[in-house]
Each structure stands twice: as structure tokens, then as C-alpha cells.
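Trainee:
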Amino acid sequence: MPPTSLSTPALLPSRSLITGQHITLEALAPSHIPTLWSSIGSTPSLWLQIHSGPFSSPEDFTHYIHARIACHATDPRWSIRLNNTNANTAPNYIGLVGLSEINLEHPTIEIGPVIYGFSLQRSRAGTEVMLLMGDVIFGKCKFRRWEWRCNALNVASRRAAERYGFVLEGVLRQHQIVRGANRDTCVFSMVDGEWAFARRVWEAWMDEANFEESGGMRKAMGVVREEVLAEMRRD
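Residues in the sequence shown are numbered consecutively from 4, following this note's numbering.
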């Protein structure tokens, strides 16, 4: 897609349902708390790189969720629900994703926090979360810049950003003090003119043809990216 016009106003993300093939994003709500506690809230290791948590009890986690709901206008959060084929099955919320540092004047936005239960990590559903977020950020809301920031020690988050094709712009040294320790922050970004290519790569990687019947992938994201780039050059 071409870069967004400098005169195009950005829009705040809404609370609308965002539906994909594998997952649905629902605006965070109190009814999600029990399932979210089971999938992510009660697992301390998922919160080590997040400013909030880990949580010692369901009550602490409930307080955190209610605080996040109250801030939806400035820091929207969505529960990640696995799509069920059985209408009688209770909703299965397996993660959280949010947007922050929203600047409508310049239009920039940051992804985060991103908290995936283990079943979402390095999966088609996890990639689809990012694809749906990109559609909201660049397609619907017309932001020009999408930032991904993480602790420089968070190797998993850095690898994920690189895997998705975000560009490392630099490291903010001694940026914060988190849990009594220094934090250097890696700053990655994707801009609107790069979104069409990134989206095409993500969709190609998620395609059924790229996965074995057992669920294992045939080609890594980096390989798919090179193939898509070669196709575009031939075109």
C-alpha cells in the first residue's frame, strides 16, 4: 500500500469485534477474566517482561484487568479468543494484545503489551493476531508508523519483531528501571508503505499449504519472505 497522505487524519481504534480465521479479538471485558486467569494470568513466566504482574492471586489479576478496561480509550486492550467450531463450547481466551502511545497528530502507535498463552506462541493464530492489528493500524485507522518496543534482554520478543519484518532502529540505553533493574529498550518499527509486503508475507506463511497435517510448518517466515520478494521482482 502507498504511504498514507500527510493530511489524512488517524482514527482511534474502536471497541469493535475483529474476526480472523483462527482467532477473534474482543475488547477486554470482565467476563473474560476467569479464562484469561487460567491461560495467562496464573503463569508468572509470561509476565517477566511486562511492567505489570506476575499476579499472586485471581483477585490481583482481576484488579489489573478492571484497570485496563477503564483505560481503553487511550490504551485499548483486546482478549484473544480462539475460534471454536462448536457453538456450544465456552469462549476460550488465550491471550491479550494492546495498543499504546497513540499519537493522532503525527500518527504513530505502539503495539503492546502482547501476552500470548503457550498455545499461541509461534503459531498461525499468533501471527494472525499481528495481521489483524496491522489491518486496524494501517488499514482502518490510517496510522503512518507502528512501533514495537521491548527490553533488550527479551530475546524472544526481539526475534519475533525481526521474524515479522519490523526494522530495528536502535537501542535506548538505560531507558527505564523495571523491577529494580536497568532496562535498555530496543525500538523496532514498520511504516505504512511496508505494510502491503509484510501482510503478503504473513498470509503466505499462514497458508494451509505451508503446514503439514501434523501442524508443523514447511517453510520458516524468513524463507517465505524471500520467496514473496522474488515474486514481486518478477512482477
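Cβ atoms here follow ideal geometry from the backbone N, Cα and C, with glycine treated the same way.
Would you check if the distance between the CB atom of residue 105 and the CB atom of residue 77 is smaller than 8 Å?
Mentor: Result yes, Cβ atoms of residue 105 and residue 77 sit closer than 8 Å.
Trainee: Grab the span of the beta strand (DSSP E) containing residue 208 for me, first residue to last.
Mentor: That residue, residue 208, is in no beta strand (DSSP E); its alpha helix (DSSP H) goes 195-209.
Trainee: What separation, rounded to the nearest whole angstrom, lies between the Cα atoms of residue 74 and residue 193?
Mentor: Their Cα atoms are separated by approximately 25 Å.
Trainee: Classify residue 122: buried if its beta carbon has 16 or more other beta carbons within 10 angstroms, exposed otherwise.
Mentor: Label assigned to residue 122: exposed.
Trainee: Sort 19, 82, 23 and 51 by Cα distance to residue 40 and report the nearest one.
Mentor: It is 82.
Trainee: On the three-pair Cβ rule with 8 Å, is the stretch 183-201 touching the stretch 167-174?
Mentor: Yes: at least three Cβ pairs fall under 8 Å.
Trainee: Output the boundary residues of the alpha helix (DSSP H) element that contains residue 228.
Mentor: That run of the alpha helix (DSSP H) goes 224-237.
Trainee: Give me, in chain order, the residues of the same chain whose beta-carbon lies closer than 8 Å to that of residue 154; leave out the 5 immediate sequence neighbours on both sides.
Mentor: Closer than 8 Å at the Cβ level, and outside the excluded window around residue 154, lie 52, 160, 181, 186, 187, 188 and 189.
Trainee: For residue 15, which three-state DSSP category applies?
Mentor: Coil at residue 15, not helix or strand.
Trainee: Taking the alpha carbon of residue 49 as the reference point, which residue from 225, 126, 198 and 157 has its own alpha carbon closest?
Mentor: Comparing Cα-Cα distances from residue 49 to each of 225, 126, 198 and 157, the minimum goes to 157.
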